[in-house]
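Numbering (the working numbering), first residue to last: 97 to 178.
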């Protein structure tokens, strides 16, 4: 083959390889960023689940205390009426 044909082909292929490499690197960085964001979101989800569990427990304890107080009030009302 003629050098006048081969050199432009090689240069074009080299430029293409450089462009593809830079695109792959950019996409890899985007993927890494997305993976980090997923980890952060999972940690936030775990924190929210923990908070929800704590709040649910507190609500159940408050409901039990309300029932106890209601029973105490009923008992006191019965004593006053008697």
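Beta carbons are placed, not taken as given, at the ideal position from N, Cα and C, and that holds for glycine.
Please report the distance separating the alpha-carbon of residue i from that of residue j.
i           : j           : result
residue 129 : residue 111 : 27 Å
residue 123 : residue 98  : 38 Å
residue 150 : residue 157 : 11 Å
residue 161 : residue 167 : 10 Å
residue 113 : residue 106 : 10 Å
residue 134 : residue 140 : 10 Å
residue 126 : residue 142 : 24 Å
residue 137 : residue 176 : 57 Å
residue 131 : residue 120 : 16 Å
residue 165 : residue 144 : 31 Å
residue 115 : residue 104 : 16 Å
residue 171 : residue 147 : 36 Å
So the alpha helix (DSSP H) residue i belongs to, where does it begin and stop?
i           : result
residue 175 : 99 to 177
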